[in-house]
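**Student:**
Residue numbers (my numbering): 75 to 671.
#1: Assign residue 373 to one of three DSSP states: helix, strand, or coil.
#2: If you run the structure through DSSP and keep just helix, strand and coil, what is residue 241?
#3: If you draw a straight line from the alpha carbon of residue 491 to that of residue 480, how long is it in whole angstroms?
#4: Quickly, what does DSSP pair residue 273 with across the bridge? List them, please.
#5: Rounding to the nearest angstrom, what Cα-Cα distance links residue 522 and residue 501 in this structure?
#6: Would you be able to state if there are at least three C-beta pairs under 8 angstroms between the region 280 to 290 and the region 255 to 267?
#7: Helix, strand or coil: how does DSSP classify residue 510 here?
#8: Thinking C-beta only, is residue 172 closer than 7 angstroms to residue 81?
#9: Comparing alpha-carbon positions, which option in 408, 415, 377, 405 lies nearest residue 391?
#10: Kindly confirm or deny that the region 453 to 466 and the region 484 to 498 touch, where touching means at least three C-beta pairs closer than 8 angstroms.
#11: Contact defined as beta carbons within less than 8 angstroms: I believe residue 344 pairs with residue 249. What is the distance between those atoms, to the nearest angstrom?
#12: Have a look at 461, 306, 537, 256 and flag the residue whose alpha-carbon is nearest the alpha-carbon of residue 75.
#13: Determine whether the beta carbon atoms of residue 284 and residue 332 lie at a separation below 7 angstroms.
#14: Would you verify that the beta carbon of residue 97 is, or is not, closer than 7 angstroms to some beta carbon of chain C?
#15: Tell me which residue opens and which closes the beta strand (DSSP E) that residue 131 is part of.
#16: Taking Cβ positions, are residue 311 and residue 304 nearer each other than 7 angstroms?
#17: In whole angstroms, what is the alpha-carbon distance linking residue 628 and residue 634?
#18: Shortest alpha-carbon distance to residue 45 belongs to which of 616, 542, 549, 245?
#19: Using DSSP with H/G/I as helix, E/B as strand and the rest coil, what is residue 472?
#20: May I ask you to report which of helix, strand or coil DSSP gives residue 318?
#21: Where residue 367 and residue 526 are concerned, what is the direct C-alpha to C-alpha distance, given to the nearest angstrom?
#22: Just the Cα atoms here: how many angstroms apart are residue 571 and residue 607?
#23: I'd like to check one pair, residue 204 with residue 225: are the Cβ atoms closer than 7 angstroms?
#24: Looking only at its own chain, which residues have a Cβ that is under 8 angstroms from the Cβ of residue 187, when we skip the five neighbours before and after it?
#25: Is the beta carbon of residue 218 closer than 7 angstroms to that of residue 232?
#26: In this structure, does DSSP put residue 562 in helix, strand or coil?
#27: Cα-Cα, which of 347, 230, 435, 356 is closest to residue 374?
#28: Can you give the Cα-Cα distance for residue 530 and residue 183, rounded to whole angstroms?
#29: Among the candidates 603, 242, 276, 626, whose CA atom is the shortest distance from the CA of residue 618?
#30: Secondary structure at residue 575, three-state DSSP: helix, strand or coil?
#31: Can you list, in chain order, the residues of its chain whose CB lies under 8 angstroms from that of residue 584, leaving out five sequence neighbours each side?
#32: Measuring straight from C-alpha to C-alpha, what distance separates residue 354 and residue 299?
#33: Return the chain-ordered ranges of every beta strand (DSSP E) run that is complete within the region 326 to 365 and spans a minimum of 3 residues.
#34: Identify, in the order they occur along the chain, each residue of the same chain with its Cβ nearer than 8 angstroms to the Cβ of residue 499, setting aside the five sequence neighbours on each side.
#35: Can you list, in chain order, the residues of its chain with a C-beta nearer than 6 angstroms to that of residue 408? Leave out the 5 residues immediately preceding and following it.
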């Protein structure tokens, strides 16, 4: 165990985590140079397309250090985007140390700060690494000062490298061996392993990614999942090098995979503890804190016959992505589908794209919204995930919405634009901290509903792309929120309701009816489209009636003949209005519900 080092690489987006992982694999000879491709560990097609890491990946390499000993280095490459911070927290639980990679040109950014705190909380040893020192725009002295200020180390402790050219990577490997402690755990105790990730293989069943803490597992041994109570037998054991490499045993301190042949994905959950059936451990390992979805949206198959396929796909994806939650829901407009919970908009986008690509589904996503706590006049608190579930305004005492603490790091000449944006989104200023004379960190308390849709895009465009955003959930706070209903010809259409702040209700209602007026086809009578709160109408547009030309057959003669036909038409229209109900086409719902591109 003294020759094992478990570590992960943490950094902000695009600071060079996956490139550094590539160089480490090259230097240790884990990848055949002839088969080498950039970003080896980003194996998912989507990751390569977007150039981001979505899933944490584990790999084991052998390294012969300067002291002549050979060490097993077990590396976990983690995502950098705020929506995947749950992946990062799970990976850190399987490690004793972390490489903190910072871009020498960009400096410390929001996710750098967030991931550093996560690593310190997990009790990890941090090795600071300054990457991209070969760039013409690099400012190593300034960035080293920022890093030292963040983690309280000496400037000499910061390694200066270029992951692209390979400069300084060998020193990084030596530092891992010297600074990161070997894994703790008792090789002689009852076997305990933490499941830190898992995936589904259609031929072999559930593949669980394990970190052995105590004891050892052998191939063919019977095991038990301590929380789920699942019993199974190990069909295959092994490590990632980077491809799956089978081994006969897995001992304390090692990271690898176990295949049990289980086909039911719910029986081996991430965060569960596996132990040997013949000699079970007395207590389970601490798992992960329950993840709380921040954003909800409805996913509906465009072809309604594929509802079952969507359910199977979500079940398998939820095994590979523990932050995804889902429950069935029906909508009068869109039929049967699922209400899904995500950690953020990028997470939602990635899940939707993975479902469409990997499971060949055509999906329709409704506008994302957040979860509200509604306190009724009786004192009862109701959980509301969508506007349709909102109780009658007469029985509501108050509505509480989730708040987040947003941390924005930007150049100091953009402070005004960032403050204006945050205050326009009902933000409350918390504090301001200068990281250096040119860079500043602003913290705001904001309602989650205000940042869900386009906050990040606005932030980037107002700061010329220099700002970085990170956020953490706070609590639920009472707000003056209202449910905005849409009435068509006097009838309320449930599927089109939205929850908005009272101050923004008029603008939102106006935009909503404007959009509907353009998409609802004209009927043979006038159709009023209204936006209302309760019984108070805020805005109205009218879809004008189609008129048949009943006087076409007349030519010349007395005007009273024309008038008689028009009066007859008017009477018919009046009668039609009394019995007519408006057919709303699918396109009208989509224009309002669908996320604006």
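The C-beta atom is built at its ideal place from N, Cα and C for all residues, glycine as well.
In this text the structure is predicted, and so the values were computed from the model without any measurement.
**Tutor:** By the coordinates alone:
#1: strand
#2: strand
#3: 15 angstroms
#4: 281
#5: 10 angstroms
#6: yes
#7: strand
#8: yes
#9: 415
#10: no
#11: Contact flag wrong, Cβ pair sits at about 30 angstroms.
#12: 256
#13: yes
#14: Included in the structure is just one protein chain, with no chain C present.
#15: 131 to 138
#16: no
#17: 11 angstroms
#18: Residue 45 cannot be examined here, being either before or after the span of the chain that is shown, 75 to 671.
#19: strand
#20: strand
#21: 12 angstroms
#22: 10 angstroms
#23: no
#24: 224, 481, 483, 515, 544
#25: yes
#26: strand
#27: 435
#28: 15 angstroms
#29: 603
#30: strand
#31: 605, 612, 613
#32: 10 angstroms
#33: 329 to 333, 347 to 350
#34: 520, 521, 524, 525, 529
#35: 374
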